[in-house]
Amino acid sequence: MKLLRAPGAVWGLALVLWQLGPAARAMDPITMGIALAGTASALTGLISLPRLYCYFAECCLERPPPQVGRDLKDNLGKKVFGQHLVSEVIVKAVTGFLANPNPKKPLALSLHGWTGTGKNFVSKIVAESLYDEGLKSRYVHQFVSTLHFPHQQNISHYKDQLQTWIRGNVSACGRSIFIFDEMDKMHAGLIDSIKPFLEYYEEIDGISYRKAIFIFLSNAGAERITEVALDYWKRGKK
Ligand SMILES: Nc1ncnc2c1ncn2[C@@H]1O[C@H](COP(=O)(O)OP(=O)(O)O)[C@@H](O)[C@H]1O
Ligand SMILES: *[C@@H]1O[C@H](CO)[C@@H](O)[C@H](O)[C@H]1NC(C)=O
Ligand SMILES: *[C@@H]1O[C@H](CO)[C@@H](O)[C@H](O)[C@H]1NC(C)=O
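Those letters in the sequence shown? Residues -26 to -1, 1 to 212, by mature numbering (1 follows the signal peptide of the UniProt record, and there is no 0).
As structure tokens, then:
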């Protein structure tokens, strides 16, 4: 794996933890039930029996936090090389967050690093520790800036769309995971449209986002390249 030059020195990691402290009020514990039950009353019986419901479909209900923590620690330790500190911090952040029944904010993890340092790889492991189907889980949503939001002129459309998606998905499952890749290439306006979801609001229009997990990936290389290009451009103009 030639990309892993100096172990431990590969990543600059900025990890932002949004509030793990003791909580004010709980998020509505039956958000999921309500969202699903709205569609067909015949389902209500099933949904009130989580086990049975989960038997038929992948379930938004969390795996027990200690189990998530163990799996996460194991898998990060076994599969990810040269990132001990990063792994440790992520395990702590995620397990602390899951163990808190009333978080005041969603968990936001921000990973910076050069291309190929394993940012997506780590996100995948985090997703798999919560949901067996990992990135394919219906509760895990991945957005790649250049793929999902490529056109500058459609930014306001993307904003609406993204907010609708986040709202819809969190109302279906409070413990949704959103992964944003290529944050460095994301339009500032679009980043702004995500921000309200990361704040301390108890709820927005009746939906609480406090149990959701947001993972932001940005490419250190691209940042540098953009900076250099900008510098060059500025100097050239003068
Ligand atoms: N620290 C690491 N430990 C183990 N494998 C890694 C590591 N960094 C990268 N890889 C491997 O390289 C591949 C590409 O990494 P990726 O997560 O896509 O990088 P990034 O998202 O940072 O651009 C991964 O699928 C993984 O197999
Ligand atoms: C961008 O927006 C314009 C007008 O709002 C629309 O016609 C076009 O199809 C959109 N393009 C994409 C790729 O969404
Ligand atoms: C959830 O997000 C996906 C994109 O990952 C989107 O296609 C889907 O419509 C969203 N669901 C809801 C209910 O908004």
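By construction, the Cβ of each residue, glycine as well, lies at the ideal position given by its N, Cα and C atoms. In this text, all values refer to a predicted model and were calculated from it rather than measured experimentally.
Beta carbon of residue 88: closer than 8 Å to some heavy atom of ligand 1?
-> Residue 88: yes, Cβ under 8 Å from ligand 1.
Compute the minimum distance between the beta carbon of residue 108 and the heavy atoms of ligand 4, and state whether it is under 8 Å.
-> Questions concerning ligand 4 fall outside what the structure shown contains, since the ligands it does hold are ligand 1, ligand 2 and ligand 3.
Does the beta carbon of residue 57 fall short of 8 Å from some heavy atom of ligand 1?
-> Within the chosen limit of 8 Å, ligand 1 reaches the beta carbon of residue 57 through at least one heavy atom.
Proximity winner among 102, 84 and 179, relative to residue 42 (alpha-carbon distances) = Residue 42 has its Cα closest to that of 102, out of 102, 84 and 179.
Compare the C-alpha of residue 105 against each of 168, 64, 33 and 126 and name the closest.
-> Ranking 168, 64, 33 and 126 by Cα distance to residue 105 puts 33 first.
Between the CA atoms of residue 59 and residue 142 - distance to the nearest angstrom | So the alpha carbons of these two residues sit roughly 35 Å apart.
Please determine, among 120, 97, 119 and 67, the residue with the shortest C-alpha to C-alpha distance to residue 110.
-> The residue among 120, 97, 119 and 67 with its C-alpha nearest the C-alpha of residue 110 is 97.
7 Å Cβ shell around residue 14 - same chain, five flanking residues per side excluded | Because the pLDDT of residue 14 is 36, which lies under 50, any placement of that residue in the model is unreliable, and the number read from its coordinates should be weighed accordingly. Excluding residues within five positions, none has a Cβ falling inside 7 Å.
Relative to the alpha-carbon of residue 79, which residue among 64, 176 and 45 has its alpha-carbon at the smallest distance?
-> Relative to the Cα of residue 79, the nearest Cα in the group 64, 176 and 45 belongs to 176.
Residue 174 to residue 184 span [Cα, whole Å] = Each residue's alpha carbon lies about 8 Å from the other.
Indicate whether residue 152 and residue 165 have their beta-carbon atoms separated by less than 9 Å.
-> No, the Cβ-Cβ distance between residue 152 and residue 165 is not below 9 Å.
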